Structure formats: C-alpha cells, structure tokens
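Written below as structure tokens is the structure these notes are about.
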Amino acid sequence: MMPDWVPLSGAAGVEWLAFINKPNITNSNAYLIRTAGEVILIDVGSDPRQADAINAALRGCAGSGRKLIVLISHCHFDHIGAIDKLDFTSDMEAIIAIEASGANAIEGYDREQTLAYLYPPVPLPRARFGARLFGDTDLPFQASTDELQLGPDLSLPRVSIPLAGGLVLEVLHTPGHSPCSLSLRLGSLLFVADIAAGATPGLVGLAGWNQPALVRSLAALERLLEVDGGIVICAAGHGRLMDPAAMVKALNTARCSAEGLQGVCEKNDARITALKAFALEVLSESKQLFAALAGQVFATHHWLTQLGDEEEAERLLKVLDSDEIEAALADMEAFFDRFNANTDPDLGLVLKASATMQALGQRLREPANLDLIRPTMLRRAISLLDIFLETVRGLDLSIDAAPAEIPVLLAEVVSELDAWSNFDASAAFDAVEDGESFHRFMLARLAAVSAPQKISLDIQPGIPAAAIHGERFKVVVITLLETLSGGGQRQLDVSVLGAGGTVLVRFRGTPALQASELPDLRRKILERLLGAGVSLEFAAGAVEIKVPALAYAEV
Ligand SMILES: [Zn+2]
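Last residue of the sequence shown: number 582 in my numbering, and the count goes up by one each step with no gaps.
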C-alpha cells in the first residue's frame with residue numbers, strides 16, 4: 028500500500044513519505060522528502076515494486092517545477108539495485124548524488140564493494156552520478172563543504188546543500204559500514220543508513236568494513252544526537268523509525284560491540300570457508316543440545332501432570348514455549364541443510380542463523396527458566412550460541428588464555444555438579460508442607476537427571492599453573508562429564524598430572540571408556556573451545572586434555 032505524505036516537523040512546509048520494510052538484507056527502505064523547490068529521494072532499494080511505488084509518488088510531484096535530488100546512502104546492492112527502474116521521464120530535473128568512492132564502485136560494476144556477490148547472480152544496475160560528494164569540488168548545486176565539529180577531537184566531514192525556503196540539507200560522511208556511507212540531516216530528521224547495524228554478525232568484516240572508522244562514525248552520531256535537541260525522528264536504511272533516545276541506544280550498543288572487534292579478519296574466501304566449517308560444527312552441537320533442553324521441558328511437564336498439577340505444568344510449558352523451541356529447531360534444521368548445500372557464502376543465511384541464535388540465547392537467559400533446566404546445560408547452550416555469534420562476526424578464534432590453576436577450576440566444576448545431584452531427603456519432607464518449595468524441590472530433582480553419579484578427583488601435588496581460558500575450560504569439562512555420564516558412566520575418575528611442561532587432565536570411567544562415547548565432532552568443538560595449543564583426545568581408554576604449563580616465573 029502506498030504510504031502517505033506527512034509533514035516533517037522542524038521544517039516548515041516540508042512533507043515526507045517513508046517506504047519502510049521489515050529488516051531484510053535484500054531491499055532497503057527509501058524516503059521521499061518534498062520541499063517547495065525540491066523532491067529528495069533517499070535510497071531506492073532493490074525491489075522493483077518499491078521503485079514502482081516511488082515512481083508513482085514522483086509522478087504525483089510532476090509539473091511542479093521541483094528539482095529531484097536522489098541521494099544514495101552507500102553503494103550496497105540492497106540500496107541501489109533498482110536505481111535503473113526509476114522513471115526520470117517526468118519533467119523534473121534530476122541529480123543523483125553519492126559519495127565519490129561509492130560512485131566508482133557502482134560505475135565500475137564492482138561486485139565486491141557493492142556486495143552484489145552475496146546475492147543470486149543479479150546484474151548491477153547502470154547509473155550515472157551527477158554529484159560525487161566528498162570527491163568532486165565541482166558539484167551541480169550550490170553546496171559548501173566543511174567539518175561539523177562535535178567536540179575537541181570529534182568531527183564529521185559535511186556537505187551542506189541549500190534548499191528552497193532557507194532549508195539546508197546536511198550530508199555527513201560516516202564511513203565504517205562501507206567507505207562511502209553517508210548520513211543526512213534535514214529539519215528534525217536524522218537518517219543514518221546502515222551505521223547502527225555496523226557491528227551485526229554477518230555484516231562485520233565484509234568488503235569495505237572498517238572497524239576504527241565505524242567506531243568513530245558511531246561515536247560522532249551519538250554525540251550529534253546528544254548535543255542537537257532539534258532532531259526528533261531518526262530513520263535507518265532498514266527497519267522502523269525511531270525516536271532519538273532509541274537511536275542513541277542503538278548507536279551506543281553498536282559502538283560497544285564494534286570497539287571489541289579489533290583485528291577482525293576480512294571475510295575473504297578462505298576465511299569464509301573456515302568460518303563455515305566451524306559454524307557447521309557449532310550448529311550440529313546446538314541442535315543436539317536444544318533437543319536435550321526440549322526433552323527436559325517435556326519431561327518436567329510430564330511429571331508435573333503426573334503429580335496432578337496441570338496448572339503448573341502448563342505454566343512451565345509457557346515459560347519455555349516448547350512450540351517456539353521446536354519452531355526454532357526446525358528453522359535451524361532448514362538453515363543447516365541450506366548451509367550444507369550451499370557452496371557460495373550466503374550472507375542472508377548467516378544473518379538468519381545469527382537471528383535464530385540470538386533469539387534462543389535470549390530465551391535461555393530469561394531468569395524464569397533457570398529452575399527448569401540444569402544450569403550446567405544452560406551454560407553450555409549459552410556459550411555455544413555466543414561462540415557461534417562471535418564466529419559469524421568474524422572474530423579471530425584464538426582465545427585469551429590466562430594463568431589458571433586447573434585443580435581449582437576442577438573443584439569448582441565438581442561442587443557445581445554436586446549441588447544438582449545430591450538431594451537431602453529431609454528437605455522433601457519439609458517442602459511437602461509448602462507447595463512452592465515442593466515445586467522447587469521436584470524441579471531440582473528433575474533437572475539433575477543424568478548428571479554423573481559419582482566423580483572422584485585425584486590431584487598430584489605441585490601442579491603448575493597452566494595457560495587456559497578458565498570459564499571455557501569449565502564449560503568443556505562439564506560438557507565432557509555430562510556426555511560421558513549420558514553414555515552410561517556411573518563413576519568418573521578425574522586425575523591431574525604435571526609432566527614435561529604440560530598439565531594433563533585425564534578422565535577415566537567405570538566401566539572403561541570407549542572411543543564411541545565421545546563423538547568426534549563434539550571432541551573437535553571442545554578442543555576448539557579450549558584454544559590453540561591445548562589438545563583434547565581419546566587415548567588408551569581415557570579422555571585426556573593437555574594444557575601447556577607455565578613456568579613459575581611467568582605467573
Ligand atoms: Zn549496507
């Protein structure tokens with residue numbers, strides 16, 4: 028349906044019309060602004076139907092003697108794909124403006140910089156740009172170029188274009204998401220294109236992405252919103268309009284993640300292949316984990332129904348909506364198949380997986396779920412989702428190891444597992460009187476099913492500190508213990524030895540461990556989680572983790 032022209036506050040006599048889509052990576056939003064003397068189009072998108080709707084709106088402005096300025100926020104295909112579908116046959120004089128390097132990318136059919144290579148084999152549109160901003164000094168309109176000062180060491184290059192009625196369209200150069208990214212200010216409107224999405228997994232590290240530039244642009248726009256009370260509406264290249272407070276929050280969140288993205292490798296072909304292999308391992312692991320989590324929910328529901336508390340059973344089903352988990356799992360399954368079948372990098376697929384992982388992570392972080400699911404399993408799931416998202420962001424997978432006392436970490440793991448396995452029968456008698464505590468007692472009992480029955484720790488004296496990421500080490504040990512006990516191990520013996528510059532952690536079982544009890548895919552993931560230089564292998568009836576020891580002098 029055709030959106031309506033509405034007045035743009037802060038600019039007398041100006042109306043605007045927004046073409047807003049649900050966020051997707053194939054077609055951007057587009058905006059039309061109408062002053063007494065100009066029609067300004069911000070982005071086109073790549074959907075020909077959107078171009079048709081824009082054409083219809085432009086026809087409505089024909090015969091008014093207005094000039095048309097088309098401003099392209101940056102050269103990505105989803106913003107410009109349908110530019111050749113625009114109908115310039117109306118009587119309007121039209122100028123298409125873009126940042127100079129973006130013009131070069133489109134005119135040079137650069138499939139890398141325009142990200143056209145991520146989409147099915149579509150041709151890049153032909154376009155001729157009348158105004159190459161921040162490059163040509165000779166622009167087809169009266170414009171002045173300067174720096175917008177936002178603080179002692181913060182400024183943005185700016186082109187100011189005077190419009191009819193004394194209005195000024197300010198174009199700001201805000202690189203980072205792409206070298207050619209522009210933001211715009213007119214009246215009460217601030218348009219930031221894709222900057223606020225610049226730290227989204229999947230978009231990070233693509234051609235033209237630049238971390239220091241992104242952090243700077245985000246900080247500058249945040250500052251602009253803080254100091255400029257005249258901005259009332261904020262618009263982006265994708266998704267809905269926001270008020271300034273919501274935009275400040277989005278920019279701030281993006282900046283905080285972007286600041287942690289130093290040294291992200293560019294997503295070249297080799298990198299994408301490596302990422303894909305790791306992502307597939309993580310996806311396969313999370314599929315199993317979520318199936319187990321869903322199993323726990325069903326089991327709990329079943330037992331509560333048996334206990335005659337159908338109301339509570341239903342409440343629990345709602346807390347961790349099993350339909351939702353099932354849908355998410357099916358989604359992930361479909362994603363998995365498509366990912367497997369795909370030989371080219373497919374950004375849409377990766378973004379989809381990221382969104383699923385983020386949604387599942389949010390579900391799992393809801394405090395109400397904590398007494399429903401064994402916390403160790405929850406932590407495994409959450410760390411897997413986090414690692415997946417980091418992987419898609421293109422972070423280097425090397426892990427910050429720090430000096431750690433492995434015996435201390437193991438003792439923490441054992442006491443955590445014990446807390447969920449040992450029941451005080453007298454607590455049940457006390458709890459029976461009180462419905463609420465009885466539930467908690469039953470839930471704790473259900474949640475503890477399949478934790479190892481007995482774990483013994485045997486630690487050689489004088490174990491040196493080792494270089495390892497402590498939290499990840501604990502997640503790996505818990506996963507191992509749960510995997511092995513799930514395979515039927517009643518008793519697990521964990522011993523720690525220091526030998527030849529290595530701290531060796533050995534897991535033995537009763538009955539003796541079989542190699543098949545630790546599937547190779549899970550072994551590989553666990554080994555990766557531990558970081559470079561650490562091995563996790565099945566050797567002679569035992570699982571062994573070998574961590575490089577630190578000399579005492581280094582600690
Ligand atoms: Zn973009």
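We put the CB at the ideal spot given by N, CA and C, even for glycine.
Note that this is a predicted model, so its numbers are computed, not measured.
Query: Backbone CA spacing between residue 191 and residue 234 [nearest angstrom]; Result: 38 Å
Query: Contact test: residue 13 Cβ vs ligand 1 heavy atom, cutoff 7 Å; Result: Any question about residue 13 goes unanswered here, given that the chain covers just 28 to 582.
Query: Three-state class that DSSP yields for residue 430 in the structure shown; Result: strand
Query: Residues whose Cβ lies closer than 5 Å to any heavy atom of ligand 1, in chain order; Result: 103, 221
Query: Cross-strand partners of residue 495 (DSSP beta bridge); Result: 429
Query: At least three beta-carbon pairs within less than 8 Å, the segment 242 to 250 to the segment 125 to 141; Result: no
Query: Local conformation of residue 528 per DSSP, three classes; Result: coil
Query: Contacts around residue 476, its chain only, beta-carbon distance under 7 Å, and the 5 residues preceding and following it disregarded; Result: Unreliable positioning characterises residue 476 in this predicted model, as indicated by a pLDDT of 47, which lies under 50. The coordinate reading is nonetheless provided below. Excluding positions up to five away in sequence, the list is empty.
Query: Residue 207 versus residue 199: straight-line alpha-carbon distance, rounded; Result: 10 Å
Query: Neighbourhood of residue 270 by C-beta distance below 6 Å, restricted to the same chain and skipping five residues each side; Result: none
Query: Neighbourhood of residue 221 by C-beta, 6 Å cutoff - its chain only, sequence neighbours within 5 removed; Result: 204, 264
Query: DSSP three-state assignment for residue 516, whether helix, strand or coil; Result: coil
Query: Limits of the beta strand (DSSP E) - the one that residue 283 falls within; Result: Where residue 283 is concerned, there is no enclosing beta strand (DSSP E), although the alpha helix (DSSP H) it sits in stretches over 271 to 286.
Query: Alpha-carbon spacing of residue 281 relative to residue 51, whole angstroms; Result: 18 Å
Query: Member of 229, 543, 145, 529 whose CA lies at the smallest distance from the CA of residue 288; Result: 229
Query: Counted within 10 angstroms of its Cβ, other Cβ atoms place residue 102 as buried (16 or more) or exposed; Result: buried
Query: Bounding residues of the beta strand (DSSP E) (the contiguous stretch that carries residue 176); Result: 171 to 178
Query: For residue 100 and residue 72, the rounded distance between their alpha carbons; Result: 11 Å
Query: CA-to-CA distance, residue 171 to residue 256, given in whole angstroms; Result: 23 Å
Query: Contact set for residue 564: own chain, Cβ-Cβ below 7 Å, skip 5 residues either direction; Result: 571
Query: Outcome for residue 442 when other beta-carbon atoms lying within 10 angstroms are tallied against a minimum of 16; Result: exposed
Query: First and last residue of the uninterrupted beta strand (DSSP E) at residue 159; Result: 158 to 160
Query: DSSP-derived helix/strand/coil call for residue 564; Result: strand
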